[in-house]
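S.K.: Please read through the structure below; I'll follow up with questions.
Protein chains in written order, with our numbering: chain A, 503 to 1041; chain B, 503 to 1041.
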């Protein structure tokens, strides 16, 4: 029997409608690409998003057209987002850290017909545009006064473009399962693969992350997503903040420690989110200047594992609660967070930092399981590690165009490619990527555990571990270290430091010192490049 | 274009699955009907709910069968709830405060085939059962030792009944729009009307109420819904608490001030919810005994308006935050709450209690509008009052069996039957029921405003206002007062007390003193009965 409840589809533009109606005057503050701080509100963002929607339609773009953005986190980017989604089109966020050839490949794969570009990325887009045949229109996210000379097709300044929008438009009616957004994962192997989000998955994910055991976003918060909108949906914050009516601070293109601190301080940000690389820069800036974080209450750290020292610095030195989080583009992206269950509420100091090395537990709407190589389900005992599979209300069912079909099994579980263990209370810890885990004498060694341990050594700035061939054990770990500035660390001392903190047979025999560790476009350690660099050690 | 996101239907039994997996050991504490405090956990509740589900199927009950409950808030009632819903059947919560004839009418209208009954209500059900032809089985929510002699058809003790369940059962697969629960509104006019909830509406509503600007329920909370599960879904708490992993305290059948206080104190409840009548009893008990509320952080007050003095007592005398809420059975039921937007965050003392006279603002998922008698939309200026209409993700689209069709308009708005104003920040205040509002000289007078003002007078225990005929003004208000125990209030003094606090022409000319004001089955003032009592004044 069908229930007698209204059809009220979960649509992304209802989020900005709600924010404009119930929290209309709430500020949205952006560091603009042009320089000055710009202040607007949810009510204005909604009106301008409606102009985007009207202008898109007026130009002949149609339902399901892919409209790209290549832009920092700013209010104009938010307007474009909601405008595209509310026009029934698909907002395709491009990651400017990819190579031009990769971006062109992605834009062609997506069949992007138009792109919104920040001033910063006009030169990059000038390289890409000639390679993307379907691209009809480039809107530069600036005003006429700042509009550069450019060869880009149909180039026009955003402010001029939306000023020409016909008045009186409204959102295009939509089904909640319609596609609204497309984001490619930056695969370290093979071509990038597109994840195609729905209205429904974005709305449910926003409801999920605003809840108390996730990011707990209220109308009294000021939220700054440093994590970019092109990086896995800004972890949902560009939907979650307006849904909660939270004040939103957008950091634009300046990602250095000083710039981040300035906004955290001047705008009294209460909640922020970014990858560890960003927080390294911030903590470094704080240490050098003696600045503090008096307003900030919580920091969400994800994208890659938050080192123990980072968690400790935030919590102990600056009285900021760390929420360690894990997710994937394929999950919209949040999969788990280290909010504290009552069983752990007495933890403090070292024991608490230990817990926060884990990636946390799944909120309602995310299911997890661990399996071994034969697909057998493994126990949640906090030790046994296995392949992590997930399922949920905002998890991809396949990739755009059918790529990577082997990541999805017949019961609807997505193979994350991560290796993890889960403790009896549900706290999951990633121990490795499945393709990075070292198989030594038939047992697995977690490269991430070794890396986390190594960076706790005071002379180590960054560390990476890869497997190298070994005649006896098949593989053994090689520890690669970037020394902290001014330090001259000793291999033996670092290995000695590991003793007693980890199984003895996990400790590497070899350490290599390098000036720099290569990273992927999303800031993760590029292990493929490292394996290439140390190919001679593999023999 | 359809997005590429997993089909992950929003199903009620996923809530209890999640609670059992992620918060399995979390306590569920009940004051049992037999007397003792009973302690169980979400993991156990899930297992026993699965037994309910298996036994229902084994007895030949089928998808969509209506299975009733006539029970207090206890863990057994929660088990029955999830067991029925997870069996693909429809859980019909009966309100024991209705007359036996009304209950029989409702059970026949719903075509209930089975009922779970608390010991308390066995005599009541014995009166009803002979009138309900389709009733095949009565399960008494107790164990064999406490099982009474009874003539009820197929009567069996719950513990015995679930012990006979076949092992190894799982939930019945379902569509998220399938009906899972049925709750009748206690209409003061006409027959009660059934609201038929879906899996989806219950899950979305639970996500909504756990969010920070609603009830903000986390895994670290201990929640006691004093509001019964048969009263509009326990305001969603029986779904929201397990979804959040919150510890749950169920007060059973003892509703007096002492019993409520005992549980609040011994179980260290952090969040509770009930109608004002319950809180009057609690506050009275606290004043008499000098007891305090050291653990309680927030109290949700709804069902009828929280008087200013009640809000003040909780906040000022006991340091408990009041969340004034409004909703309707037709809304699952939450429609608005007085959490504090930042624009109001500086309010304190009197100004804050004034704000909390309002019913609050709508969370994401609820839409409101005000219209005049011609359907014209009215401004949100905090003064203009009109008919309140709502729409949303957990709002009824029609009543069971097609009753009351005129409450639903062609754009999908539900006519609440309330008259309200909404301030520019979205805070709504109910000023009356549409059928109670007094039309005096062509203008509307809010009976609720007058009642709220009257109860602020120290000599007034309870107050009600009804319209009486007036040759000049059509209608004038009559104030009906129950004096506080020991007080001998003077009509003139009470009317004098109103001066300057309300428009002069609103102040009644007449006051009637009574020993008791009649209430409906859900604790609201029964104005139909009052109009009958004062019929002679109408002439």
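Where is the CB? At the ideal position from N, CA and C, for every residue including glycine.
#1: Going by CA-CA distance only, name the one from 918(A), 1002(A), 1023(A) and 1038(A) that's closest to residue 971(A).
#2: Between residue 980(B) and residue 1010(B), which are expected to be in contact by the criterion C-beta below 8 Å, what is the C-beta distance as a whole number of angstroms?
#3: Residue 897(B) and residue 508(A) look like a contact to me (Cβ under 8 Å); what is the Cβ gap, rounded to whole Å?
#4: Could you work out which residue in 589(B), 619(B) and 793(B) is closest to residue 680(B) when comparing CA atoms only?
#5: Return the CA-CA distance between residue 944(A) and residue 685(A), expressed in angstroms with no decimal places.
#6: According to DSSP, simplified to helix, strand and coil, what is residue 931(A)?
#7: Which value, in whole angstroms, describes the spacing of the CA atoms of residue 518(A) and residue 741(A)?
#8: Return the chain-ordered list of same chain residues with a C-beta closer than 6 Å to the C-beta of residue 902(B), the five sequence neighbours on each side being excluded.
#9: Terminal residues of the continuous alpha helix (DSSP H) containing residue 577(A)?
#10: When you compare the CB positions of residue 780(A) and residue 705(A), do they come within less than 8 Å of one another, or not?
#11: Find the nearest neighbour of residue 537(B) within the set 754(B), 759(B), 833(B) and 737(B), judged by alpha-carbon distance.
#12: In whole angstroms, what separates the C-alpha of residue 550(B) from that of residue 881(A)?
#13: Residue 640(A) and residue 621(A) - do their beta-carbons sit closer together than 8 Å?
#14: State yes or no: is the beta carbon of residue 518(B) nearer than 8 Å to at least one beta carbon in chain A?
#15: Helix, strand or coil for residue 1041(B), going by three-state DSSP, please let me know.
#16: Going by beta carbon distance, what residues of the same chain come within less than 6 Å of residue 1026(A), once the five residues before and after it are set aside?
#17: For the region 805–825 of chain A against the region 948–956 of chain A, do three or more pairs of beta-carbon atoms, one drawn from each stretch, fall closer than 8 Å, so that the two count as touching?
#18: So that I know if they touch, is there some Cβ in chain B lying closer than 8 Å to that of residue 798(A)?
#19: Please list the partners that residue 863(B) has in chain A, where partner means a Cβ-to-Cβ separation under 8 Å.
#20: Are any of the Cβ atoms in chain A nearer than 8 Å to that of residue 718(B)?
#21: Considering only the alpha carbon of each residue, which of 825(B), 756(B), 795(B) and 786(B) lies closest to residue 775(B)?
#22: Beta carbons nearer than 7 Å to chain A: which residues of the region 710–734 of chain B have them?
#23: Would a C-beta distance cut-off of 8 Å place residue 829(B) and residue 737(B) closer than the cut-off?
#24: What is the DSSP secondary structure of residue 909(A), counted as helix, strand or coil?
#25: From this set, 743(B), 651(B) and 827(B), which residue's C-alpha is nearest residue 777(B)'s C-alpha?
#26: With H, G and I counted as helix, E and B as strand and the rest as coil, what does DSSP make of residue 624(A)?
#27: When you compare only the Cα positions, how much space is there between residue 865(A) and residue 784(B)?
#28: Report the three-state DSSP secondary structure of residue 888(B) (helix, strand or coil).
#29: Whose C-beta lies closer than 8 Å to the C-beta of residue 669(B) among residues of the same chain, with five residues either side of it excluded?
#30: Distance, Cα to Cα, residue 929(B) vs residue 884(B)?
#31: Select from 618(B), 847(B) and 711(B) the residue whose C-alpha is nearest the C-alpha of residue 661(B).
#32: Have a look at 565(A), 969(A) and 503(A) and flag the residue whose alpha-carbon is nearest the alpha-carbon of residue 683(A).
#33: For the region 869–902 of chain A, which residues have a CB atom closer than 8 Å to at least one CB atom of chain B, in sequence order?
#34: In its own chain, which residues sit with a C-beta less than 6 Å from the C-beta of residue 545(A), not counting the 5 before and 5 after it?
#35: Strictly below 7 Å CB to CB, what residues from chain B border residue 858(A)?
#36: Could you tell me the alpha carbon to alpha carbon distance between residue 893(A) and residue 586(B), rounded to whole angstroms?
M.R.: Concretely, from the data shown:
#1: 1038(A)
#2: 6 Å
#3: 5 Å
#4: 589(B)
#5: 37 Å
#6: strand
#7: 8 Å
#8: 696 and 698
#9: 577–588
#10: no
#11: 754(B)
#12: 23 Å
#13: no
#14: no
#15: Bear in mind that a pLDDT of 45 at residue 1041(B), under 50, signals an unreliable position, so the number given afterwards is only what the model happens to contain. Note: residue 1041(B) maps to coil in three-state DSSP.
#16: 806
#17: yes
#18: no
#19: 524
#20: yes
#21: 825(B)
#22: 712, 713, 714, 715, 718, 719, 720, 721 and 722
#23: yes
#24: helix
#25: 827(B)
#26: helix
#27: 35 Å
#28: strand
#29: 556
#30: 8 Å
#31: 618(B)
#32: 565(A)
#33: 893, 894, 895, 896, 897, 898, 899, 900, 901 and 902
#34: 522 and 526
#35: Neighbours of residue 858(A) on chain B: none; closest Cβ ~16 Å, over 7 Å.
#36: 25 Å
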